[in-house]
Structures are given as structure tokens and as C-alpha cells.
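Following: one structure in C-alpha cells, then a few remarks.
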Amino acid sequence: MTGGELLLELKNLVVSYGGVEAVHGLSLKVHKGELVTILGANGAGKSTTLMAISGVVRPSGGEIHFQGRRIDVLKSHEVVALGITQSPEGRRVFGPMTVEENLKLGAFTRKGQDLEPDLKLVFELFPRLLERRYQMAGTLSGGEQQMLAIGRALMAQPKLLLLDEPSLGLAPLLVKSIFETIKGINESGVTIILVEQNARAALKLADRGYVLDVGHLVLEDKAEHLLNNPQVRDAYLGSR
Amino acid sequence: MAHLVEQLIYGLTVGSIYALIALGYTMVYGVMKLINFAHGELFTLGAYFGFVFLVTLNWGGFFGPAIAIGLTVILVSGLVAMAGHLLERVAYRPLRHSDRLAAVVSALGASIFLQNVIMVVWGSRYRAFNASLLPTVVWQVGGQNIPLIRLFVFLVAVAVMLGLYLFINRTRLGLAIRAAAIDQGAAKLMGVDVSRVIAVVFIIGPALGGLAGLLVGIYYGQINFNMGQIYGLKAFTAAVIGGIGNIPGAMIGGLVLGLLETLGDAYISGAWKDAIAFVALILILVFRPTGILRERVAEKL
């Protein structure tokens, strides 16, 4: 699905986090409709990059453009309003709130709009959430919380969805189903950046991939090429 | 135990005032993880604004008691809310990204500053708050004395808290406030403008605190420039007892503290009133540091 209209572009992005430079000059492009994955070991700067796109962390250098507009100068709520949402690492659902309240918060920027169709859509995607609609999010299992985090990020009707480690800590069977759902979301027209440590699964899903190593971009290619790249196989895919 | 019902009503009245003030501490703490040490002075400011309207300008004689009370409640809440908003802008917002200790010191400074401003403007003497708005009616129910003013204070406080509860739980902005208190970063990712949430919290909290000051003035009939210290301390205790950062917790904590104090005063000794309150604080911190409603307590000040 490459070759579409350019949606997001990072130009030489530099981000420091807690006084330490975590991302050193990352350039990256995402086209409309693509599913792009960012791979790399712990501390490679993947989450920091997503937080910079979301406007939660301010870059110390470089630029971020979304639909031709510079967004690294915007505040996080303005970025969300433009159509970029994130399901963060560790899910970060609002535990003392109900599933429905969490989902409504996801649509916070859509003031005064009817949310019923979107709630219905999320519940179709994740029927488990419908069963737990009025339950506190903190009482859900890890997998259900992950579904909630993704569903919540969809409630804003994003153009670009950032998914940070959606498979972290989940049972293998559940990982498979979450990845299938992610594929489905992408096929419904949402552009996705997927950050994963589960590199093999991510590459099978993605159109293109970027490989980061301690804040540097080391590789960038089509996903199927990366899957067969010996360097990637050794470092990130294990020896299978 | 002869006057138990009487004491319980008294305890609830005092407790509802603590609860109103405690809400200001707990809402600010919830969103900013900061104890607003100047909150007690905002409470005092409310008492003095009420004094100006009801005593200096004698609105009660001018408009009649009902309109005078309504107008004063609205104006005092509004004015103290403005003062709170200004305080946030001047003393806290510039330090949002600095060390936490800097904000604490700034809060203490703001507290001393406000207290001195009040003293310079209205003097250091006790001022008589003789608004004589409500007739001194005392009902006798089954041998128990129930003064009208006590019920009045309690009902006003409860009505306001009910309104706040509905606002927090039923509105979009209320949802955003709760989200920011649970996880500020995640709230940002939802598109919540956290700066705006903080501004709103610094309007609602002071409004409630100012209203409490007004009620104390009307109820006890005298006010003083440093009355905010002890009330602030008690209300902070109430917030911790309920679980600081937790809104229903502040309401419950206030009522529990008011009841403890009043019952201790009546059945143990009046001299022990404050000691009882702070022993309760120590016991909570030792045995249930998360408060009655299990909220995380200040890991750092």
C-alpha cells in the first residue's frame, strides 16, 4: 500500500528524555493507508519517538509534519484533535473508571458528537469489552485492557494510530488475535505505526519497517525484505 | 449520651465545612500532586469577602436575608475563585516543570503573603460577623436542641458537594478532571488539555474553600486573619483521612473528622478536640496511609 499520499514525516528528529538524548536524528515517512512498524531493542527510542509525535515529549531538534503541517510545535491535545491517537506502552487505561468512560475519554476531542456508532464499532471489534462495559477498567485482564487501550484510541476516529507494544505481556493466542484485529483496523483505512518487540509478528503484518538501535536508524525497508534480512534475523528475530 | 443527636448534627455541620475545604486540597493534589498550602488563606479570604458584603455593606438589611445570602454565596465563591486562578497563574504555573520542592516553597510563600495581605487590609483583631441574617431559631426535638443555623450550614455544604459530585461524574469536563488525576500523561494522549484542567481545578477548589469561609463567618459570628491556618490544617487532615486525591474521600473524611472532634469534645474533653483530630491523622498514616477510600498518599511532598 506504499506510494499513497504522504501523511507523516519526521525530519532529523532529536529527542532528549530526562536529560539523556534518546533519539538522534531520526527521519521517517508514513504514507496514507500504510502499516509501518518500528523495531528495536529496549531503549532504542521507539516509545520516545511516539511520544514526540503525540506532542507529550517536545523534540529538541528536527521537525514533525502531519498532512503537510508542522506539528512538533503543537500541544498534545492539538495533535489528538488533528487525528493522531496513541495506545501507549503499558496500556495506561484509567483503572478507577468504567470501560465505557475510558472509551468516552478516547473521544474527548469530539465534543458534542454522537458516540454511539463508534462505541458499537469498538464493541464489534472487541465483544469482550461490551460484556464489561460498566466494569472498572482496573479489574480487566491484561488482554482486555489492551483491547480497551486500542478501542479507546479508535474512538477519536484517528487518521493515524500509534500502537506501542500491543502484544506486551499477553498470552500467545491473544497476541495472534490482537494482531489480526490490528490488521483489520488498518484495512478499514486507518494508517498505523506499530512499535513492537515481537519483531517477527510485526513484520508479517506491516508494509514497511524501520529498525532503530539506541536512537539511531539502522535499517529501513519493505517488511518482507526485513524479514529475510540476515542482519535483522540475527538481531531481532532469533535463529529460527 | 444525653445529647447525642445534637452532637451528631453539630459534628456533621463542622464536618461539612471541613469537607468543603478538603475538596480544594484533594482536587489540586489529584491533578498536580501538589499541596496548595495557600488554600487555608483562600478560605479566610472568603470569610472576609462575606464580611464586606454582609456586615460592612449590610446587604441583609438592604436586600432581605434570602437575596443577601444567595448573592453573597455567588459573589464570594466567584471572587475567591478568581483569587485562586490568579494564585495558580502567578505562583504555580511558572513552576510547572521545575523541581517539586520549588512549587512547595512557592505555595508556602503564597500562604504567608495572602495572610499578611488580609491582615493589612482588615486588621489583626477578631472581627464580629454579626450579619444577623437568620433568626435564632432552635428546634426542640425529643429533648434535643437543633438550631436552624446548624442545619442551614450543613444543607448548603451538602447541596454544593452534591453539585460537585454530579459535575465530576456526569460531565465531559468532570471526566477530564478525573482522568488527569488518575494518569496525566494518558489524559494528554486522549486530547485532554491538562493546563485547562488545572486552571478549572484552581477555580472550583478555591470557590468551595471561600464558601466554607463565608459559612464559618455566618455560623460562628467572628473571623480572624489567621483562621485559615487551623481550618486548613484540619481540612488537610480530612483529605488525608479520606484518601488525598479522591473527591468522595474528601467529603467522607471531612464528615468523619467533624464527628470525631465533636464527639471527643462532648464526651472526653473540649481541650482534646484538636489532639483528637491529629491523632486520627497519625493513626490513618500509620495503619492505612491510603486513606479510607484507598488513594495513594503523597510519596513526596
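Line by line, the protein sequences are chains G and P. Residue numbers for the first sequence follow numbering that gives the first Met the number 0, so the first one is 0 and each next one is one higher. Residue numbers for the second sequence follow numbering that gives the first Met the number 0, so the first one is 0 and each next one is one higher. Note that CB positions come from ideal geometry on N, CA and C, so glycine has one too.
In whole angstroms, what is the alpha-carbon distance linking residue i and residue j?
i                     : j                     : result
residue 105 (chain G) : residue 31 (chain G)  : 22 Å
residue 190 (chain P) : residue 156 (chain G) : 12 Å
residue 72 (chain P)  : residue 53 (chain P)  : 11 Å
residue 165 (chain G) : residue 182 (chain G) : 13 Å
residue 157 (chain P) : residue 14 (chain P)  : 10 Å
residue 300 (chain P) : residue 107 (chain P) : Model confidence at residue 300 (chain P) stands at a pLDDT of 38, short of 50, so the residue's coordinates are unreliable; what they give is reported in the following sentence. Cα to Cα, residue 300 (chain P) sits roughly 12 Å from residue 107 (chain P).
residue 203 (chain G) : residue 209 (chain G) : 14 Å
residue 28 (chain P)  : residue 38 (chain P)  : 12 Å
residue 180 (chain G) : residue 291 (chain P) : 41 Å
residue 152 (chain G) : residue 171 (chain G) : 23 Å
residue 28 (chain G)  : residue 83 (chain G)  : 15 Å
residue 295 (chain P) : residue 159 (chain G) : Note on residue 295 (chain P): pLDDT 48, under 50, position unreliable in the model; no value is reported.
residue 218 (chain G) : residue 203 (chain P) : 52 Å
residue 138 (chain P) : residue 279 (chain P) : 32 Å
residue 58 (chain G)  : residue 219 (chain P) : 56 Å
residue 197 (chain P) : residue 141 (chain P) : 48 Å
residue 0 (chain G)   : residue 196 (chain G) : Because the pLDDT at residue 0 (chain G) is just 47, under 50, the model does not fix this residue reliably, and the value given afterwards should be weighed accordingly. Taking the straight line joining both Cα atoms gives about 23 Å.
residue 36 (chain G)  : residue 173 (chain G) : 19 Å
residue 111 (chain G) : residue 145 (chain P) : 47 Å
residue 83 (chain P)  : residue 42 (chain G)  : 42 Å
residue 129 (chain G) : residue 266 (chain P) : 53 Å
residue 193 (chain P) : residue 100 (chain G) : 18 Å
residue 301 (chain P) : residue 55 (chain P)  : Any property of residue 301 (chain P) remains undetermined from this structure, which presents chain P solely from 0 to 300.
residue 36 (chain P)  : residue 195 (chain P) : 21 Å
residue 186 (chain P) : residue 76 (chain G)  : 9 Å
residue 285 (chain P) : residue 254 (chain P) : 21 Å
residue 114 (chain P) : residue 113 (chain G) : 49 Å
residue 133 (chain G) : residue 115 (chain G) : 15 Å
residue 177 (chain P) : residue 228 (chain G) : 47 Å
For residue i, which residues of its own chain have a beta-carbon under 6 Å away from its beta-carbon, when the five flanking residues on both sides are left out?
i                     : result
residue 154 (chain G) : 102, 105, 106, 117
residue 61 (chain G)  : 10, 11, 12, 13
residue 336 (chain P) : What the structure shows of chain P is the stretch from 0 to 300, and residue 336 (chain P) is not part of that stretch, so it cannot be assessed.
residue 148 (chain G) : 86, 90, 92
residue 3 (chain G)   : 30, 31, 32
residue 121 (chain P) : 47
residue 136 (chain P) : 147
residue 18 (chain G)  : none
residue 12 (chain P)  : 149, 152, 153
Leaving out five residues on either side along the sequence, give the residues of the same chain with a beta carbon under 8 Å from the beta carbon of residue i.
i                     : result
residue 263 (chain P) : 271, 272, 275
residue 63 (chain G)  : 7, 8, 9, 10, 12, 51, 52, 69, 70, 71
residue 223 (chain G) : 202
residue 125 (chain P) : 221, 222, 223
residue 259 (chain P) : 10, 275, 276, 279
residue 189 (chain G) : 153, 157, 158, 159, 160
Looking at residue j and residue i, is the spacing between their C-beta atoms short of 9 Å?
i                     : j                     : result
residue 210 (chain P) : residue 155 (chain P) : yes
residue 134 (chain P) : residue 150 (chain P) : no
residue 159 (chain P) : residue 16 (chain P)  : no
residue 43 (chain P)  : residue 248 (chain P) : no
residue 18 (chain P)  : residue 257 (chain P) : yes
residue 125 (chain G) : residue 146 (chain G) : yes
residue 225 (chain G) : residue 193 (chain G) : no
residue 191 (chain G) : residue 185 (chain G) : yes
residue 225 (chain P) : residue 118 (chain P) : yes
residue 198 (chain G) : residue 34 (chain G)  : no
residue 40 (chain P)  : residue 227 (chain P) : yes
residue 244 (chain P) : residue 252 (chain P) : no
residue 162 (chain P) : residue 20 (chain P)  : no
residue 121 (chain G) : residue 94 (chain G)  : no
residue 200 (chain P) : residue 30 (chain P)  : yes
In its own chain, which residues sit with a C-beta less than 7 Å from the C-beta of residue i, not counting the 5 before and 5 after it?
i                     : result
residue 74 (chain G)  : 54
residue 143 (chain P) : 2, 4, 5
residue 39 (chain G)  : 45, 210, 211, 212
residue 246 (chain P) : 22, 25, 26, 167
residue 131 (chain G) : 98, 139, 143
residue 102 (chain P) : 33, 91, 94
residue 79 (chain G)  : 108, 155
residue 233 (chain P) : 17, 256, 276
residue 16 (chain G)  : 47, 56
residue 123 (chain P) : 224
Task: Contact between the region 48–60 of chain P and the region 126–136 of chain P (3+ Cβ pairs under 8 Å) - done: yes
Open item on the list: Contact between the region 65–72 of chain G and the region 127–143 of chain G is defined here as three or more beta-carbon pairs at a separation below 8 Å; is this criterion met?
Closed with: no
TODO: For the region 139–208 of chain P, list the beta strand (DSSP E) runs that are entirely contained and at least 3 residues long, ordered along the chain.
DONE: 143–146
TODO: Write down every uninterrupted run of the beta strand (DSSP E) in the region 140–179 of chain G whose length is 3 residues or greater and which is fully enclosed by it, in chain order.
DONE: 159–163
Open item on the list: Is it the case that the region 224–239 of chain G contacts the region 208–227 of chain P, given that we only count it when at least three CB pairs across the two stretches are under 8 Å?
Closed with: no
TODO: Give a yes or no on contact between the region 22–36 of chain G and the region 211–226 of chain G, applying the rule of three or more CB pairs nearer than 8 Å.
DONE: yes
Task: the region 110–127 of chain P contacting the region 92–102 of chain P, beta-carbon criterion three pairs below 8 Å - done: no
TODO: For the region 51–98 of chain P, list the beta strand (DSSP E) runs that are entirely contained and at least 3 residues long, ordered along the chain.
DONE: none
Open item on the list: What ranges does the beta strand (DSSP E) occupy inside the region 66–118 of chain G, keeping only unbroken runs of at least 3 residues that lie completely in it?
Closed with: 83–86
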